[in-house]
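Colleague: What follows is a single structure, and I will ask about it in a moment.
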Amino acid sequence: MRVVLTGGRGFIGSVALRRLRERGHEARSFDLLDGEDILDEAALLAAIQPGDTVVHLAAYADLYEARARPVEATRVNVLGTALVADVTRRRGGRLILGSTLCVYGNQPRYPTAEETPPNPTEIYAHTKLAAEQVVRGLQASFGLRAAIVRFPGAYGPGMRGSLAVARFMRAAAAGGELLIHGDGLQTRTPLHVDDLAAGIAAVVEHEALVGAINLAAAEEISALELARRIVALVGHGTIRHVEPRLPQTLRELADQRRAALELGWTPQIGLADGLASTWAWWRQYGASHD
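Numbered per my numbering, the sequence shown spans residues 2 to 291.
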């Protein structure tokens, strides 16, 4: 199968690209690092061929950057998605949109299933939900074939420096302070990038899949407990609480059942093993990578 990955040079995209090629797909990257911009319609038309599957991962993915540049984040995440989706439609292809569990925001009940009404808290999550709505609109109005993959923050070798695991490892490695917003009881479900790449490949290969699907980890952990685990793993570092980041999602726990039933996908790398292997990578490459 021919697959185009926008953001294929990024952390998640590069691992997904490798996974797809290992499974025999003709996968290529479309990435700003190579001068290919999702806001450039002509470049998209040149890259996406008739019948291609397009995995759209290119995005303003950093919460802090999205807060600092909300208009640019909206332009990339919403307009960029609209252009990628529309070119895919015009080429008769299938779109797989990379979204986020952040669209669920704070909910009265957990775990959150795919039909749970979204309630995003931060501008980043709002832009990703808007991107989802654009895709749904093109499905409803023009018959675009599309699936929406919602996933949590991924970690692992090659991870972005702004991710919590990376920030904590960097601080602990330097013997510094691991900064926790508020009481640190807000929870997340970190997913190892290898598991996420396997899930994306499964969605690519399940051509009949439509609508939203959670690719979620089962282990829920608070920011405070994550910091404690990394301090113990590294052997030094101290934890300091700072002002809460508001607004913020206080809990993240998504329902995994659809992915397990329809894709046969469940995460294979537990958090303890994943953090240990990521720290081993960080000790060797992290400082230069960061």
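Note that CB positions come from ideal geometry on N, CA and C, so glycine has one too.
Work out the CA separation of V205 and Q50 for me, nearest whole Å.
Modeller: Start at 1 with the first residue of the sequence shown, and residue 50 comes out as number 49. Start at 1 with the first residue of the sequence shown, and residue 205 comes out as number 204. Each residue's Cα considered, the two are about 16 Å apart.
Colleague: With DSSP as the reference, label L6 as helix, strand or coil.
Modeller: Taking the sequence shown and counting its residues from 1, one reaches residue 6 at position 5. Three-state result, L6: strand.
Colleague: Could you give the distance in angstroms between the alpha-carbon of V232 and the alpha-carbon of A148?
Modeller: Your numbering for residue 232 matches position 231 in the sequence shown. Your numbering for residue 148 matches position 147 in the sequence shown. Spanning the two alpha carbons is a distance of roughly 39 Å.
Colleague: Determine the direct distance from the alpha carbon of A114 to that of V4, and round the result to whole angstroms.
Modeller: On the sequence shown, position 3 is the one that residue 4 refers to. On the sequence shown, position 113 is the one that residue 114 refers to. Those two C-alpha atoms are separated by around 28 Å.
Colleague: Using three-state DSSP, classify N78 as helix, strand or coil.
Modeller: To locate residue 78, count along the sequence shown from 1; it is residue 77. Three-state DSSP puts N78 in a helix.
Colleague: What beta strand (DSSP E) runs, 3 residues minimum, are completely inside the stretch 34-107?
Modeller: List check, beta strand (DSSP E) in window: 54-57 and 95-101.
Colleague: Candidates E221, H26, R230 and G212: which alpha carbon is nearest T188's?
Modeller: Taking the first residue of the sequence shown as position 1, residue 188 is located at position 187. Ranking E221, H26, R230 and G212 by Cα distance to T188 puts E221 first.
Colleague: Straight-line CA distance for G81 to Y156?
Modeller: Along the sequence shown, read from residue 1 onward, the residue named residue 81 stands at position 80. Along the sequence shown, read from residue 1 onward, the residue named residue 156 stands at position 155. Between G81 and Y156, the C-alpha separation is close to 25 Å.
Colleague: Where does S223 sit, in a helix, a strand or coil, going by DSSP?
Modeller: In the sequence shown, counting from the first residue as 1, residue 223 sits at position 222. It is a strand residue.
Colleague: Grouping DSSP H, G and I as helix and E and B as strand, with all else coil, what is T122?
Modeller: Translated into positions along the sequence shown, residue 122 becomes position 121. DSSP places T122 in coil when its eight states are reduced to three.
Colleague: Helix, strand or coil for H26, going by three-state DSSP, please let me know.
Modeller: Along the sequence shown, one-based indexing puts residue 26 at 25. Three-state result, H26: coil.
Colleague: CA-CA distance, G94 and M2?
Modeller: Along the sequence shown, read from residue 1 onward, the residue named residue 94 stands at position 93. Along the sequence shown, read from residue 1 onward, the residue named residue 2 stands at position 1. Using only the alpha carbons, I get a separation of about 11 Å.
Colleague: Evaluate the contact criterion for the stretch 106-126 versus the stretch 57-74: three or more CB pairs, one atom per stretch, below 8 Å.
Modeller: Enough Cβ pairs lie closer than 8 Å, so yes.
Colleague: Assess contact between the stretch 166-186 and the stretch 127-144, defined as three or more Cβ pairs (one per stretch) separated by less than 8 Å. Is contact present?
Modeller: Cβ pair count under 8 Å is below three, so no.
Colleague: Measure from the alpha carbon of A1 to the alpha carbon of each residue in G36, P118, A47 and L145, then state which is nearest.
Modeller: With the chain running from 2 to 291 in the structure shown, residue 1 is simply not present.
Colleague: Would a check of beta-carbon distances place V16 closer than 8 Å to chain D?
Modeller: Annotation note: the requested chain D is absent from the structure, which comprises a single protein chain.
Colleague: Among residues of its own chain, excluding the 5 on either side of L45, which ones have a beta-carbon nearer than 8 Å to its beta-carbon?
Modeller: Within the sequence shown, the letter at position 44 stands for residue 45. The answer, listed in chain order, is F31, I39, L84, V85 and V88.
Colleague: Could you spell out the range, first to last residue, of the beta strand (DSSP E) harbouring G212?
Modeller: Position 211 of the sequence shown, counted from the first residue, corresponds to residue 212. Per DSSP, G212 belongs to the beta strand (DSSP E) from G212 to N215.
Colleague: With DSSP as the reference, please indicate the residues paired to Y111 in a beta bridge.
Modeller: Indexing the sequence shown from 1 puts residue 111 at position 110. Paired residues: none, contrary to the question.
Colleague: Nearest-angstrom Cα distance between R252 and L6?
Modeller: Locating residue 252 in the sequence shown gives position 251, where the first residue counts as 1. Locating residue 6 in the sequence shown gives position 5, where the first residue counts as 1. Their Cα atoms are separated by approximately 30 Å.
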